[in-house]
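Read through the structure below, which is laid out as structure tokens, and then see the notes.
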Amino acid sequence: MKKLEGYSIPVVEEDGKIWALHQVKTYEELEKCQIVLNTYPTGTGKTKALLNAIRKKGFERVLIIAPINELIHQYKSSIERFKAEHNLEHEVFLVTSETLDEVNRRSHSRALREILKKDKAIVVTNPDIVHYVLLQKYGTGPMKRTLIVDLLKFPELVAFDEFHYYDPSRLFFAFVFIATSIYFNIPQKYILMTATPRREMQEVFAKMGITTSKIDYEADQCTFSSVKAATPLEVEILKGKIDDYVDLIEEKIVKESDKDILIISDSLRRLIKLAQHLREKGLDFGLVTGPMAHQQRKINLEKRVILATPTIDVGYEIERPQKHRQAIDIIFFEARDSDDIVQRLGRVGRVFGKKVTDTPSQAFVIVPPKILCRVLESLDRSSNRLEFSKTLRELVPSRIESLKREFLGPFRLIIAFYEDAFCLLFPKDQKGILSEYFQLLEKFFDSELHEVRNLCRNELDMYYFSIADEKTRGDILKRNPELKKTLRELYRDESEATKALRVYQHFIERFILPFRASGDQVYVRDPKKLSGADSFVYEKFAIITQYRVKRLTELDTPEDLRSSVKEAYLLEEPLERFEQPFIRIRTRAESRFFVPLKIEFTLMNKDIHVGELEGVPVYLVNPDVEKECFLLDFHPVKAEVNGYVQRVLIGSEALKAQSYLEEKPWKCDLFPR
Numbered sequence: 078m079k080k081l082e083g084y085s086i087p088v089v090e091e092d093g094k095i096w097a098l099h100q101v102k103t104y105e106e107l108e109k110c111q112i113v114l115n116t117y118p119t120g121t122g123k124t125k126a127l128l129n130a131i132r133k134k135g136f137e138r139v140l141i142i143a144p145i146n147e148l149i150h151q152y153k154s155s156i157e158r159f160k161a162e163h164n165l166e167h168e169v170f171l172v173t174s175e176t177l178d179e180v181n182r183r184s185h186s187r188a189l190r191e192i193l194k195k196d197k198a199i200v201v202t203n204p205d206i207v208h209y210v211l212l213q214k215y216g217t218g219p220m221k222r223t224l225i226v227d228l229l230k231f232p233e234l235v236a237f238d239e240f241h242y243y244d245p246s247r248l249f250f251a252f253v254f255i256a257t258s259i260y261f262n263i264p265q266k267y268i269l270m271t272a273t274p275r276r277e278m279q280e281v282f283a284k285m286g287i288t289t290s291k292i293d294y295e296a297d298q299c300t301f302s303s304v305k306a307a308t309p310l311e312v313e314i315l316k317g318k319i320d321d322y323v324d325l326i327e328e329k330i331v332k333e334s335d336k337d338i339l340i341i342s343d344s345l346r347r348l349i350k351l352a353q354h355l356r357e358k359g360l361d362f363g364l365v366t367g368p369m370a371h372q373q374r375k376i377n378l379e380k381r382v383i384l385a386t387p388t389i390d391v392g393y394e395i396e397r398p399q400k401h402r403q404a405i406d407i408i409f410f411e412a413r414d415s416d417d418i419v420q421r422l423g424r425v426g427r428v429f430g431k432k433v434t435d436t437p438s439q440a441f442v443i444v445p446p447k448i449l450c451r452v453l454e455s456l457d458r459s460s461n462r463l464e465f466s467k468t469l470r471e472l473v474p475s476r477i478e479s480l481k482r483e484f485l486g487p488f489r490l491i492i493a494f495y496e497d498a499f500c501l502l503f504p505k506d507q508k509g510i511l512s513e514y515f516q517l518l519e520k521f522f523d524s525e526l527h528e529v530r531n532l533c534r535n536e537l538d539m540y541y542f543s544i545a546d547e548k549t550r551g552d553i554l555k556r557n558p559e560l561k562k563t564l565r566e567l568y569r570d571e572s573e574a575t576k577a578l579r580v581y582q583h584f585i586e587r588f589i590l591p592f593r594a595s596g597d598q599v600y601v602r603d604p605k606k607l608s609g610a611d612s613f614v615y616e617k618f619a620i621i622t623q624y625r626v627k628r629l630t631e632l633d634t635p636e637d638l639r640s641s642v643k644e645a646y647l648l649e650e651p652l653e654r655f656e657q658p659f660i661r662i663r664t665r666a667e668s669r670f671f672v673p674l675k676i677e678f679t680l681m682n683k684d685i686h687v688g689e690l691e692g693v694p695v696y697l698v699n700p701d702v703e704k705e706c707f708l709l710d711f712h713p714v715k716a717e718v719n720g721y722v723q724r725v726l727i728g729s730e731a732l733k734a735q736s737y738l739e740e741k742p743w744k745c746d747l748f749p750r
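Per our numbering, the sequence shown runs over residues 78 to 750.
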């Protein structure tokens with residue numbers, strides 16, 4: 078175990094108060110440029126930097142986009158406190174599905190429109206709602222078309238919190254905002270907040286000629302006074318998974334009874350098994366997982382020992398107001414890359430604003446063998462926490478992601494759907510002006526494609542056809558005779574074509590159009606509270622492949638969920654490795670990437686049918702790309718494909734594989750078969 082020194086952050090006096098330097102520089106830099114990137118470490122007051130910019134620059138209409146609803150609720154209290162302290166007159170609106178219900182249960186789009194008409198307002202929402210409005214999938218009729226205009230014109234300032242959360246396929250909505258403000262001369266400023274910025278993002282902004290300023294902790298270390306922000310940290314690097322260190326975790330919980338401990342695992346299944354062990358030993362803890370209700374999470378976050386999935390990485394504040402030192406003293410966590418390590422280390426030993434700042438914290442960093450040596454070297458070369466973070470970024474690869482690669486594959490359909498819908502806002506004689514706008518937007522994705530919607534015409538029309546009534550279907554086939562020809566060639570009869578259309582609609586609405594791509598969602602009852610909740614909605618693929626379950630009837634699903642959830646299961650136990658389900662796929666597709674009509678699951682050696690999936694993409698992993706799958710942190714599984722056992726990627730990983738593992742651009746073939 079090596080001890081790393083903590084760090085302090087520079088402070089300045091302004092308006093008779095002490096501020097962290099970055100909380101002042103953020104608004105100062107907005108005077109000079111369009112985008113400010115605040116990269117100060119986690120827990121040093123970036124939210125207050127944003128609010129101070131609103132105050133000092135006099136922004137009247139502000140849109141704050143936070144990746145999860147938990148963070149949105151935390152913003153409410155932060156903004157209200159800041160408003161009261163500095164006499165701001167803005168109305169504050171939290172925009173989620175639940176809060177829009179309170180305004181207008183019958184029409185969320187009308188409720189949102191009323192909010193966007195406000196003259197002086199701070200609107201905090203999630204990217205899901207913004208994403209759907211931009212794709213004109215929010216609301217019905219003409220209103221969904223004009224709502225996008227209202228949204229794009231509303232803010233003077235747009236802030237993206239936890240910006241590292243957005244992988245390339247999720248950056249679509251941010252790029253649309255920025256490209257639209259540039260092309261249509263909408264005066265807007267942007268603040269991007271993240272402790273782990275992507276270099277590629279800065280390169281994109283530079284290439285587009287967008288004026289950008291990066292507020293960097295390292296650049297601010299000069300003659301300013303400073304305040305301690307993080308304690309010294311004793312670090313130990315371990316190899317494997319969290320379940321390899323159950324005894325060590327138990328020992329720490331028992332022996333360090335005066336310490337607050339946080340344990341983070343990338344796997345809900347591994348976390349549940351650890352929780353079972355601790356229960357058997359009579360040890361108390363709080364479980365914080367994605368499936369849990371807000372109030373239950375809040376209660377569990379107050380426990381001395383917290384077991385959490387990566388849901389805790391974004392926006393969860395662990396507060397111990399009764400303690401004069403750090404809230405979290407000891408952390409165990411799994412990490413697959415440098416970004417994970419840096420983000421999770423930022424959870425332990427936070428003392429900004431605390432009285433006691435020199436009590437050392439401990440971190441047990443559990444990493445896979447492929448990065449172990451480089452993480453150890455990074456630690457060996459570092460003497461303090463920030464130096465360790467910097468060296469990790471230099472020596473340990475972050476996620477191998479690329480905007481250009483991402484949108485070579487099926488994710489380009491997101492751009493195509495947006496372009497197709499955006500055209501509807503303009504009369505026919507004005508649509509010529511959109512060509513330049515679309516070219517500008519596509520440059521953000523490092524794409525040389527011209528008007529993506531035309532390249533993906535069959536794929537777009539196949540979706541419109543799948544959701545259309547009989548008359549509209551006739552109009553689509555008349556407009557696109559090539560689609561009619563393709564349907565006749567691919568499907569043997571009307572029954573097979575009907576099933577393929579249902580599967581295709583399912584695929585588009587689960588993996589392409591949503592902000593958070595996922596397969597079928599199922600209702601799960603968990604009487605043993607293995608997950609920390611009595612019941613929850615979760616992805617079917619994860620449930621039937623990782624847990625022993627019992628199928629329930631449709632009537633077991635709560636009535637308010639039946640429109641969106643079609644199946645229900647009773648959670649019994651996590652599956653052991655030897656019990657992993659056997660996957661069977663049948664297809665007539667000839668490419669490595671395809672959407673089968675269905676995927677079947679049975680329990681190995683028992684021939685018990687567990688379930689099946691529809692509309693889920695598959696990528697066949699040949700031996701020559703297995704190493705690349707390893708580097709990309711993909712997880713191939715064995716499946717029987719047309720009678721032959723081979724390794725495959727399923728779901729979102731299959732989509733990414735088509736982008737990252739293929740040399741040639743995707744040929745836009747998504748017809749299920």
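Note that the Cβ used here is the ideal one computed from N, Cα and C, for glycine as well.
Leaving out five residues on either side along the sequence, give the residues of the same chain with a beta carbon under 6 Å from the beta carbon of Leu560. Asn535 and Asp538
Could you tell me the distance, in whole angstroms, from the CA atom of Glu616 to the CA atom of Ile349? 16 Å
Ignoring anything shorter than 4 residues or poking outside the stretch 349-415, list the alpha helix (DSSP H) runs there in chain order. 371-377
Considering Cα atoms alone, identify which of Pro309, Ala385, Ala256 and Asp435 is closest to Ile319. Ala385
Backbone CA spacing between Ile620 and Leu248 [nearest angstrom]: 28 Å
Would you kindly check if the distance between the Cβ of Leu228 and the Cβ of Leu193 is under 8 Å? yes
Compare the C-alpha of Val382 against each of Val391, Gly367, Ile405 and Ile389 and name the closest. Ile405
Taking the continuous beta strand (DSSP E) assigned at Gln111, which residues delimit it? For Gln111, there is no enclosing beta strand (DSSP E), as DSSP marks it with neither H nor E.
Kindly list the residues whose CB is nearer than 7 Å to the CB of Phe702, restricted to its own chain and excluding five residues on each side of it in sequence; keep chain order. Phe is not the amino acid found at residue 702; the sequence shown has Val there. These residues qualify, in order along the chain: Leu738.
Best match in Ser85, Pro446, Cys745 and Asp92 for proximity to Thr121 [C-alpha to C-alpha]: Ser85
Measure the C-alpha to C-alpha separation of Phe441 and Phe494 and round it to an integer number of angstroms. 45 Å
Starting from Ser184, trace the alpha helix (DSSP H) both ways and give me its first and last residue. No alpha helix (DSSP H) contains Ser184, which DSSP labels as neither H nor E.
Host beta strand (DSSP E) of Val172 (start-end): Glu168 to Val172
Selection from Val304, Lys704, Gln372 and Ala352 that minimises the alpha carbon distance to Trp96: Val304
Could you tell me the distance, in whole angstroms, from the CA atom of Ile725 to the CA atom of Pro232? Checking the sequence shown, residue 725 turns out to be Val, not Ile. Looking at the two C-alpha atoms, the distance is approximately 44 Å.
May I ask you to report which of helix, strand or coil DSSP gives Leu502? Residue state, collapsed to three classes: coil.
Measuring alpha carbon to alpha carbon, tell me which of Pro474, Ala577 and Leu532 ends up nearest Phe748. Ala577
Assuming Tyr152 is part of the alpha helix (DSSP H), what are its boundary residues? Asn146 to His163
Any contact between the stretch 449-456 and the stretch 476-492? By contact I mean 3 or more CB pairs, one from each, below 8 Å. As far as the Cβ criterion goes, the stretch 449-456 does not touch the stretch 476-492, which means the pair count is below three.
Three or more C-beta pairs below 8 Å linking the stretch 112-127 and the stretch 266-276: yes
Can the beta-carbon of Phe670 be found closer than 8 Å to that of Gln735? Cβ atoms of Phe670 and Gln735: closer than 8 Å.
Using only CA atoms, which one of Asn203, Gly692, Glu327 and Cys533 lies nearest to Asp497? The option with the nearest alpha carbon to Asp497 is Cys533.
Alpha-carbon spacing of Leu310 relative to Tyr215, whole angstroms: Each residue's alpha carbon lies about 47 Å from the other.
For Thr119, three-class secondary structure by DSSP: In the structure shown, Thr119 sits in coil (DSSP, three-state: anything other than H, G, I, E or B).
Enclosing beta strand (DSSP E) for Gln439 [first to last residue]: Ser438 to Val444
If contact is defined by three or more beta carbon pairs under 8 Å, each pair taking one atom from either stretch, is the stretch 238-252 in contact with the stretch 282-295? no
For Ile553, I'd like the list of residues in its chain whose CB is within less than 8 Å of its CB, leaving aside the five on either flank, ordered along the chain. Asp538, Tyr541, Phe542, Ala545 and Leu560
How many whole angstroms separate the CB atoms of Phe584 and Val672, which I take to be in contact at a CB cut-off of 8 Å? 5 Å
Span separating the alpha-carbon of Gly135 from that of Cys110: 16 Å
When the Cβ atoms of the stretch 704-717 are set against those of the stretch 639-654, are three or more pairs found closer than 8 Å? no
Is the CB-CB distance between Arg138 and Ala198 below 8 Å? yes
The beta strand (DSSP E) that contains Pro658, what's its start and end? Pro658 to Ile662
Might you give, ordered along the chain, the residues of its own chain that have their beta carbon closer than 7 Å to the beta carbon of Tyr568, omitting 5 neighbours on each side? Ala574 and Ala577
Hey, Ile662 and Val718 are a contact pair by Cβ (cut 8 Å); roughly how many whole angstroms apart? 5 Å
What would DSSP say about Leu517, mapped onto helix, strand or coil? helix
Own chain partners of Ser302 with C-beta closer than 8 Å, once the 5 adjacent residues on each side are dropped: Pro87, Val88 and Val89
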